[in-house]
Amino acid sequence: MQTLPFSADTPWLAPLAGYSDLPFRILCRENGAACCTTEMVSAKGLFYKSPGTWPLLQTVAGDAPLIVQLFGSEACYLKYAVVELRKKGFEYFDLNIGCSVPKVMRQGAGAGMLRDPENILVCAKAMLDEAGLGKVGFKLRTGIDSGHSVIPDLPLRLQELGAGWITLHPRFANQSFRGEADWSLLKSLAEKLSIPLVGSGDLLTAALGVRCIQETGVATVMYARGALAKPSIFLDHKRLVRGEPVYEMTSGELKALLLRHLRLAREWTRGKNPEKRIRGLLAAHVHSLPNAKNLRADLCRDDAEAIETILDRWIP
Ligand SMILES: Cc1cc2nc3c(=O)[nH]c(=O)nc-3n(C[C@H](O)[C@H](O)[C@H](O)COP(=O)(O)O)c2cc1C
């Protein structure tokens, strides 16, 4: 049993649908991530044994501490999911109350849950009853829109129910990723909560992550788009916390990282066509290279050549 790390030098990997699979989590852990979250997993999908659901839960012994992120809006399914997952050995859970993708919100799940805070509390209680106090976190946005902020009331009520931690991406659902994340809300909420607050939102570099902790007092931060662009962002974060400068990888080191991700994907990606899936993931990591545009275009072409051939062409 491992406890979750909540300190300035323990940066987390955020839940990233389509990205935070086992190979990417292993890569991020090798590059300093102290805690990882799965892609979001449908509680209903687990109940109805939807074929795409269990593969999202693939893990190995070194993939710890790990938080399973669930989405759904009905307490009965969330409860069932926690019971089944605990039988398989999963210990920590998170409820997605922040996904603003219309397909998810239309089901009343993700940020759609923010329309009915009372139901969030019912779902939270169902999950906590099964998982145990402190074993469930809740990842929120600020509210549905600027007329309906749930901060600080909802997190305070979740804390009262026994939540282990709160994560806040301080944007409204109707903003999606537009505008700026309002870090001042992280600060005011961190002051009010006695459980750890994890910061999310516009943490595109390690310097921003460390600044967010210093300016707001959150316990730690989770990297999302920043980790996709640079999986070694976690090592940068730890260096900055120690007062050392960020390390800029040489193109050779970046190539080694891309090949490592490729090898992990070939080893661990289940389901259809791991080669096709990894191309998009690798393309996300190469922005710092002078030839990034050409490299991306070659990786994403349908009749793509072997990935190694493409990497050799653009990263000699
Ligand atoms: C591609 C992508 C997939 C995401 N998937 C999820 C998800 O499954 N669950 C979730 O709670 N948030 C998800 N998020 C939101 C992130 O976890 C994070 O809160 C958000 O990107 C803000 O952080 P950033 O601005 O530093 O990227 C996703 C974001 C991106 C870009």
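Take 68 as the starting number for the sequence shown in the numbering used here and just add one per residue.
The beta-carbon is built from N, C-alpha and C at its ideal position, and this holds for glycine as well.
Taking C-beta atoms under 8 angstroms as the contact rule, E106 and P90 fail to qualify, at a distance of about 12 angstroms. Beta-bridge partners of L133 (DSSP): C103. Contact check for A240 against L181 passes: the beta carbons are separated by less than 8 angstroms. Within 10 angstroms of the beta-carbon of R346 lie 16 or more other beta-carbons, which makes it buried. Under the DSSP assignment, Y144 falls in the alpha helix (DSSP H) whose first and last residues are 142-154. Every beta strand (DSSP E) stretch that sits fully inside the stretch 192-273 and reaches 3 residues is listed by chain position as 203-210, 232-239, 264-266.
DSSP, read as helix, strand or coil, puts T287 in strand.
With respect to I134, I164 sits apart: the two C-beta atoms are not nearer than 8 angstroms. A residue is listed when its beta-carbon falls short of 5 angstroms from at least one non-hydrogen atom of ligand 1; in chain order these are A81, P82, L83, A84, M107, N163, G165, K206, H236, S267, G268, D269, L270, A291, R292. Where L162 is concerned, the enclosing beta strand (DSSP E) starts and stops at 159-164.
Note that the stretch 294-313 does not touch the stretch 104-118; fewer than 3 beta-carbon pairs, one per stretch, sit closer than 8 angstroms. Just measuring C-alpha positions, the residue of P383, L80, T234, A178 sitting nearest G204 is T234. Between F138 and G177, the C-beta spacing is below 8 angstroms. The way I'd put it, the stretch 143-152 does touch the stretch 191-209; three or more beta-carbon pairs between them come closer than 8 angstroms. Distances from the alpha-carbon of E334 to those of G112, D76, K322, T126 put T126 closest.
Taking C-alpha positions only, H352 is separated from A110 by approximately 31 angstroms. Contact between the stretch 271-289 and the stretch 239-257 is present: 3 or more CB-CB pairs across the two stretches fall below 8 angstroms. Its Cα nearest to that of A274, the residue D76 stands out among T376, N358, D76. Proximity to P341 across G231, I374, N361, S355 peaks at I374, based on C-alpha coordinates.
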